[in-house]
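Visitor:
Protein chains: 2
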Amino acid sequence: MFTLHHQDGGARAGSLVTPHGVIQTPVFMPVGTQATVKAMAPWEMQDLGTQILLGNTYHLYLRPGLEVITPFGGLHDFMGWDGPILTDSGGFQVFSLAKLRKITEEGVHFQSHIDGSPCFLGPETAMEIQQTLNSDIAMVFDECPPYPCEKEYAAKSWDRTLRWARRCRDWCDAQDDLGGRLHFGIVQGSVYPDLRRESAEALVQVGWDGYAIGGVSVGEPQEEMFKAAEYVTPYLPENRPRYCMGLGTPPQMLELVARGIDMFDCVLPTRIARNGTAFTRFGTVSLKNAGNRLSHEPIETGCECPTCRRFTRAYIRHLIKAEEILGLRLVTIHNLHFYLRLLNDARLAIQEDRFEGFRREFVAGYVPSAASR
Amino acid sequence: MFTLHHQDGGARAGSLVTPHGVIQTPVFMPVGTQATVKAMAPWEMQDLGTQILLGNTYHLYLRPGLEVITPFGGLHDFMGWDGPILTDSGGFQVFSLAKLRKITEEGVHFQSHIDGSPCFLGPETAMEIQQTLNSDIAMVFDECPPYPCEKEYAAKSWDRTLRWARRCRDWCDAQDDLGGRLHFGIVQGSVYPDLRRESAEALVQVGWDGYAIGGVSVGEPQEEMFKAAEYVTPYLPENRPRYCMGLGTPPQMLELVARGIDMFDCVLPTRIARNGTAFTRFGTVSLKNAGNRLSHEPIETGCECPTCRRFTRAYIRHLIKAEEILGLRLVTIHNLHFYLRLLNDARLAIQEDRFEGFRREFVAGYVPSAASR
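Quick mapping for you: the protein sequence lines, in order, are chains A and B.
Whatever position you read off the first sequence (first residue = 1), add 2 for the working numbering.
Whatever position you read off the second sequence (first residue = 1), add 2 for the working numbering.
(1) Terminal residues of the continuous beta strand (DSSP E) containing B:Ile105?
(2) So if DSSP puts B:His8 in a beta bridge, which residue, or which two residues, is it bridged to?
(3) I need the boundaries of the beta strand (DSSP E) containing A:Arg361, first residue and last residue.
(4) List, from N- to C-terminal side, the alpha helix (DSSP H) runs of 4 residues or more that fit wholly inside the region 251-275 of chain B.
(5) So for B:Gly285, helix, strand or coil by DSSP?
(6) Roughly how far, in whole angstroms, is the beta-carbon of A:Phe281 from the beta-carbon of A:Asn337, given that I think they are within contact range, below 8 Å?
(7) Does A:Pro300 come within less than 9 Å of chain B when only Cβ atoms are used?
(8) Count the CB pairs spanning the region 155-173 of chain A and the region 118-126 of chain A that are closer than 8 Å, and state whether there are at least three.
(9) Restricting to Cα atoms, I'd like to know which of B:Gln190, B:Gly109 and B:Val142 is closest to B:Pro148.
(10) Give a yes or no on whether 9 Å exceeds the smallest Cβ distance from B:Phe30 to chain A.
(11) Give the straight-line distance between the Cα atoms of A:Trp45 and A:Phe340, rounded to the nearest whole angstrom.
(12) Tell me whether B:Leu205 sits in a helix, a strand or coil according to DSSP, three-state version.
(13) If distances are taken between C-alpha atoms only, which option among B:Ala43, B:Ser371 and B:Gly217 comes closest to B:Gly285?
(14) Output the distance between the C-alpha atoms of A:Gln224 and B:Glu69, rounded to the nearest integer angstrom.
(15) For A:Glu326, count neighbouring Cβ atoms within 10 angstroms of its own Cβ and tell me buried if that reaches 16, exposed if not.
(16) Judging by CA-CA distance, which residue of B:Ser201, B:Ala15 and B:Val24 is the nearest neighbour of B:Ile87?
(17) Does the distance from the C-beta atom of B:Ile131 to that of B:Tyr63 stay below 9 Å?
(18) Return the Cβ separation of B:Val206 and B:Tyr237 in integer angstroms, given the expectation that the two are a contact with Cβ distance under 8 Å.
(19) Can you tell me where the alpha helix (DSSP H) with B:Tyr245 in it begins and where it stops?
(20) Against A:Met47, what residues of chain B qualify as contacts under a CB-to-CB distance less than 7 Å, listed in chain order?
(21) Going by CA-CA distance only, name the one from B:Gly92, B:Gly57, B:Phe94 and B:Gly93 that's closest to B:Gly76.
(22) Assuming B:Leu55 contacts B:Pro32 (C-beta within less than 8 Å), just tell me the rounded distance between them.
(23) Whole-angstrom Cβ separation of B:Gln53 and B:Gln26, contact assumed at under 8 Å?
(24) Can you tell which of A:Ile301, A:His320 and A:Arg165 has its C-alpha closest to the C-alpha of A:Arg311?
(25) Would you be able to state if there are at least three C-beta pairs under 8 Å between the region 290-307 of chain A and the region 257-265 of chain A?
(26) Report the residue from B:Thr106, B:Cys121, B:Glu107 and B:Gly82 whose alpha carbon sits nearest the alpha carbon of B:Leu99.
(27) Which one or two residues does DSSP pair with A:Phe122 in a beta bridge?
(28) Tell me the DSSP secondary structure of B:Phe313 in three-state form.
(29) Quick check on the burial criterion: 16 or more other C-beta atoms within 10 angstroms. Buried or exposed for A:Gln48?
(30) Could you work out which residues of chain A lie near B:Thr38, taking near to mean beta carbons separated by less than 7 Å?
(31) Is the Cβ-Cβ distance between A:Ala214 and A:Met247 less than 9 Å?
(32) Got a sec: is the Cβ-Cβ distance from B:Arg295 to anything in chain A below 9 Å?
(33) From the beta carbon of A:Gly82, is the nearest beta carbon of chain B less than 9 Å away?
(34) For A:Met47, which of helix, strand or coil comes out of DSSP?
(35) For a contact defined as C-beta to C-beta under 7 Å, what are the partners of B:Arg273 on chain A?
(36) Are the CB atoms of B:Phe94 and B:Cys146 nearer to each other than 9 Å?
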């Protein structure tokens with residue numbers, strides 16, 4: 003369960019007990035979509051101080067499939083990671099990746115993006131799959147409305163998502179033993195304050211171990227992302243963790259920590275690494291840039307990650323230009339270290355009642371790339 | 003310098019002193035063409051017990067170029083590997099990769115396979131580049147004739163290669179200080195016993211720290227590969243290491259150890275790993291095979307590599323099917339461990355006068371894939 007240890011303004015430092023270990027929050031959760039964090043080995047994730055990994059129900063259900071994972075007793079043994087794992091419910095991916103979706107009250111019929119085979123996901127199946135994956139934290143099955151979204155559709159979508167959430171709750175309550183696994187609800191409601199509030203209040207009434215804010219990082223302006231948290235957090239219980247799904251940039255995460263969010267996941271650090279782009283406290287840098295050709299500097303001066311301790315920008319640039327796998331590995335290591343450290347530093351700052359200064363200084367020094375401004 | 007410690011039949015156990023450390027032979031040398039062993043980090047190479055790495059003069063000369071590597075004082079600091087490095091001379095790649103070659107007495111004019119820019123490599127430039135790379139073992143610049151090859155062309159090519167070797171020797175002799183770096187000659191002569199003998203005798207007269215057999219593993223039948231070693235070794239000094247270039251399968255290496263060869267390099271273990279194929283003592287296995295879908299076995303039972311200690315075939319197959327980088331990383335680790343261990347085991351067997359039994363048993367148990375039969 004969740005314990006709130008300290009509050010500094012709106013920012014919170016807490017800890018969350020799961021079957022595979024205790025997570026200190028605020029926390030960044032690296033994304034291991036297909037039972038691996040892209041380009042990384044599990045022992046490397048451990049060395050970086052990763053507290054919890056994400057897995058994707060939708061992807062793992064389609065490939066390798068449950069008949070492969072079931073005999074391992076779940077995802078942990080299958081992928082060689084014995085720390086906590088959070089799985090999403092598959093809802094988001096069904097709407098963003100799958101083809102020929104048909105949404106019914108029962109759930110969603112769709113075609114696999116891998117081989118086109120017909121598939122179905124609904125509230126109960128999503129819960130069952132996550133039980134089979136032995137997730138430490140399972141998410142309810144929801145519909146994530148797009149941005150922009152008419153209020154009428156957002157309201158209708160939320161009504162169904164609430165009915166699905168109640169069925170997820172019923173499924174949980176019907177189990178003999180949940181094995182200590184936690185289950186989080188997902189607040190929707192698009193950009194509409196009243197829908198967001200209604201969504202939060204209704205979910206709290208249903209009752210979950212934690213609450214996620216969904217429908218963010220779907221293309222909305224950054225201000226809408228912050229507002230979504232502001233609309234929702236007043237109606238969430240203090241003694242439950244709050245998870246903002248699928249974001250964000252380093253400043254965005256700190257702004258949301260300031261607004262009382264505890265948990266984050268994001269593919270940015272691993273995705274842009276594979277294109278040769280690295281995070282630094284001053285913003286992102288493209289290692290492909292000619293300016294790095296002769297540079298004997300590390301990616302980030304003072305960084306203590308395994309990449310920066312050993313390698314120069316000149317070498318990493320060479321590897322990326324030559325399309326060598328080690329190049330994207332080294333940048334991935336740095337970027338994950340950067341994200342994990344940032345949330346660790348935020349936690350420390352909260353514990354020492356200096357988070358506001360920490361946030362302000364970081365955000366002021368960080369120049370967002372054009373894409374995230 | 004080289005010390006021959008023990009001989010068991012034709013097989014030899016020795017040690018070779020280089021500026022960056024002592025190499026125990028027989029030895030397998032993993033290939034780091036572009037200043038990285040594909041998919042591997044240098045600390046992983048060290049953990050696998052790698053004694054010496056290869057670098058490719060041709061590739062590194064074209065990209066990143068000497069102006070990038072020179073300020074690092076050579077390849078070691080550039081790539082973060084402080085053990086011994088052997089570099090080829092670029093001769094083989096000029097003939098196999100580059101476009102629009104024009105061979106003159108001076109050297110070879112060619113176009114870069116990367117950007118088409120005009121380039122030149124000759125005996126002296128190849129020596130200079132390898133000095134800049136700070137190679138522990140530098141190879142002479144040679145022409146590697148194709149297979150099949152008319153005797154007339156093989157003889158003419160060898161004559162020029164010998165003149166080039168003499169110019170390499172002159173270049174070495176003109177240096178104030180070779181810094182302990184070793185220089186190896188390369189025996190050519192295609193499949194012709196008299197040319198091979200003539201080539202070996204002439205090179206020995208020129209005088210080198212070691213002798214390589216070139217022009218093998220260029221598409222000839224396996225028997226011709228073994229014969230090339232048999233034609234040559236009687237004319238090579240016992241107190242110099244012998245290096246068979248660019249091969250081979252596990253049984254081929256043991257057959258050549260039996261014929262007095264000390265050093266090997268080969269891209270097979272890393273290349274086929276990236277296609278999901280692994281070496282075992284019984285032959286290669288494709289991890290993509292449906293038979294591995296539910297397998298909780300490691301790639302090779304009893305193998306103590308970091309992959310086999312942790313992961314099942316089912317997981318590795320999933321990673322490869324899902325095109326995850328970790329999949330090819332895990333197979334690369336296993337395959338390199340397999341090759342390195344095989345030559346270590348061969349050395350141990352020689353030291354204990356049981357190499358012939360070791361070789362026979364291994365070769366009998368190993369079923370070559372169709373491609374190498």
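C-beta: ideal position from N, C-alpha, C; glycine also.
Please read all numbers here as calculations on a predicted model, not as lab measurements.
Guide: In short:
(1) Lys101 to Ile105
(2) B:Ala15
(3) Where A:Arg361 is concerned, there is no enclosing beta strand (DSSP E), although the alpha helix (DSSP H) around it starts and stops at Phe357 to Gly367.
(4) 252-260 and 270-275, all fully within the region 251-275 of chain B.
(5) In the structure shown, B:Gly285 sits in a strand (DSSP, three-state: E or B).
(6) 5 Å
(7) Using beta-carbon distances, A:Pro300 does not count as an interface residue toward chain B, since no partner is under 9 Å.
(8) yes
(9) B:Gln190
(10) no
(11) Spanning the two alpha carbons is a distance of roughly 17 Å.
(12) helix
(13) B:Ser371
(14) A straight-line Cα-Cα distance of about 44 Å links A:Gln224 and B:Glu69.
(15) buried
(16) B:Val24
(17) yes
(18) 7 Å between Cβ atoms; contact.
(19) Element bounds for B:Tyr245: not the alpha helix (DSSP H) but the beta strand (DSSP E), Arg244 to Cys246.
(20) None at all; the shortest Cβ gap to chain B is about 11 Å.
(21) If we check each option's Cα against that of B:Gly76, B:Gly57 comes out closest.
(22) Indeed they touch by this definition, with Cβ atoms about 6 Å apart.
(23) 7 Å
(24) Measuring from the Cα of A:Arg311, the nearest candidate turns out to be A:Ile301.
(25) no
(26) B:Cys121
(27) A:His111
(28) If DSSP states are grouped into helix, strand and coil, B:Phe313 belongs with coil.
(29) Counting other Cβ atoms within 10 Å of its Cβ, A:Gln48 stays below 16 and is therefore classed as exposed.
(30) Leu321, Glu326 and Leu328
(31) Result yes, Cβ atoms of A:Ala214 and A:Met247 sit closer than 9 Å.
(32) yes
(33) yes
(34) In the structure shown, A:Met47 sits in a helix (DSSP, three-state: H, G or I).
(35) The contacting residues do not exist; B:Arg273 stays about 13 Å from chain A at best.
(36) yes
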